[in-house]
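Under my numbering, residue 73 is the last one in the sequence shown; the count climbs by one each step, no gaps. Heads up, the beta-carbon is just placed ideally off N, CA and C, and yes, glycines get one too.
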Amino acid sequence: MRGTVGAAYSKHRTQNRGYGAAVELPAVLELLAAVESGQITAAQAQAALTPFLDQLEEYDRETDAWAARYDYS
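Structure follows, in structure tokens:
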């Protein structure tokens, strides 16, 4: 596993839904701990996170539309 702080997202998952989304690392570790301890299943964790993909895609579209209004050159 590799981690980066303040770096651009790696390009090897660009085809995946939700690419480019930031996730709070302590939340991920807490979620994994809950799976490991049997409080929830991996399927439950995935089901809890999956609905956010649509929200992220909408956010990306809105952000792209907003950025397109400005000339950054």
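Contacts around residue i, its chain only, beta-carbon distance under 8 Å, and the 5 residues preceding and following it disregarded
i: Tyr19; result: Tyr9 and Arg13
Cut-off 7 Å between Cβ atoms - residues of its own chain near residue i, not counting five sequence neighbours on either side
i: Leu49; result: none
i: Gly31; result: The residue asked about is misnamed: residue 31 is Leu in this sequence, not Gly. Excluding positions up to five away in sequence, the list reads Ala45.
For residue j and residue i, believed in contact at Cβ under 8 Å, the rounded distance
i: Ile40; j: Ala34; result: 5 Å
Selection from the options that minimises the alpha carbon distance to residue i
i: Ala27; options: Arg17, Thr63, Ala45 and Gln15; result: Ala45
i: Arg17; options: Gln55, Tyr70, Trp66 and Ala67; result: Gln55
i: Ala22; options: Ala68, Glu57 and Ala67; result: Glu57
Residue i at chain D interface by Cβ criterion, 8 Å
i: His12; result: Of the protein chains in the structure, only one exists, and it is not chain D.
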